[in-house]
Amino acid sequence: MIDVDGYRPNVGIVLLNADGRLFWARRVHRDGWQFPQGGMRSDETPLEAMYRELQEETGLCAEHVEVLASTRGWLRYKLPSRYIRHHQHPTCIGQKQVWFLLKLVSGEDALCLNACEKPEFDLWRWVDFWYPAAHVVNFKRDVYHRALRHFAPLVENMLSIELGPQPQGRGTGRNKRAAA
1 MIDVDGYRPN VGIVLLNADG RLFWARRVHR DGWQFPQGGM RSDETPLEAM YRELQEETGL
61 CAEHVEVLAS TRGWLRYKLP SRYIRHHQHP TCIGQKQVWF LLKLVSGEDA LCLNACEKPE
121 FDLWRWVDFW YPAAHVVNFK RDVYHRALRH FAPLVENMLS IELGPQPQGR GTGRNKRAAA
């Protein structure tokens, strides 16, 4: 499903733990790390797509998380030319996304990267809040910055912490787990 402007509707998921750290996962057979995300089906609302993608990519279900917030409207990014399939019609030039902030309310043992037939991720870790915006693939960075800036005040207020400015330093990982 591609809109008239060439964007594929999509959802992005920022999963927060009780310490204010974020779920960060490595794509299978790649060196790239990212948040869970995925395309919406034509018969789904953004919320329905988010729960489906959450379960497919992390093994988590609705009872494992609490939805804290979502972005208003679509956040868009364009794909680099090398990723555009010009022979397909309609041509997809990028993604338009609704982002969701979720809090993990179950134990980490509920996470399962091989919950579906074709896993998206093979490793995960918890990282500092601003880490993903500086370390995701370049063409997604602006969308990550915008989504995290939108969610930061809520996270600071909810956890009574100060996230501070968006650092360019390194995040540290904990709880690394490979897909079985």
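If you count the sequence shown from 1, position 170 lands on 170 in the UniProt record's numbering, and the numbers rise without skipping.
Built from N, CA and C at the ideal position, the CB exists for glycine as well.
How far does the beta strand (DSSP E) with residue i in it reach, from first residue to last?
i: Val14; result: 7-16
Would you please state the rounded distance, in angstroms, between the beta carbons of residue i and residue j? I believe it to be under 8 Å.
i: His64; j: Leu104; result: 7 Å
i: Ile93; j: Tyr7; result: 7 Å
i: Val98; j: Trp74; result: 7 Å
i: Leu154; j: Leu60; result: Between Leu60 and Leu154 the Cβ distance is about 20 Å, and since that is not below 8 Å, they are no contact.
i: Lys78; j: Phe35; result: The pair is not a contact, with the Cβ atoms about 18 Å apart (cut-off 8 Å).
i: Glu120; j: Arg27; result: 7 Å
Considering just the uninterrupted stretch of the alpha helix (DSSP H) at residue i, what are its terminal residues?
i: Leu54; result: 46-58
Pick from the options: whose alpha carbon is nearest that of residue i?
i: Gln95; options: Ala69, Val67, Tyr144; result: Tyr144
i: Ile13; options: Arg52, Glu108, Ser42; result: Arg52
i: Gln166; options: Leu154, Val155, Leu159, Leu148; result: Leu148
i: Met50; options: Leu68, Gln37, Ile93; result: Gln37
i: Asp122; options: Pro153, Leu15, Val67, Ala25; result: Ala25
i: Ala133; options: Ala152, Leu159, Glu108; result: Ala152
i: Asp3; options: Lys118, Gly39, His29, Leu113; result: Gly39
i: Thr71; options: Pro46, Ala18, Gly32, Met1; result: Pro46
Classify residue i as helix, strand or coil using the three-state DSSP reduction.
i: Glu66; result: strand
i: Val4; result: coil
i: Val137; result: coil
i: Ala178; result: Annotation note: pLDDT 41 at Ala178 (below 50); position unreliable, coordinate value reported separately. DSSP places Ala178 in strand when its eight states are reduced to three.
i: Val127; result: strand
i: Glu162; result: coil
i: Thr172; result: Annotation note: pLDDT 39 at Thr172 (below 50); position unreliable, no value reported.
Any heavy atom of the ligand MG closer than 7 Å to the CB of residue i?
i: Glu108; result: For the ligand MG, the structure offers nothing, since it holds no ligand at all.
*Just list the beta strand (DSSP E) runs in the segment 73-123, keeping only unbroken ones of 3 residues or longer that don't cross its boundaries, in chain order.*
75-78, 94-104
*Going along the chain, which unbroken runs of the alpha helix (DSSP H) with 4 or more residues stay wholly within the segment 16-44?*
none
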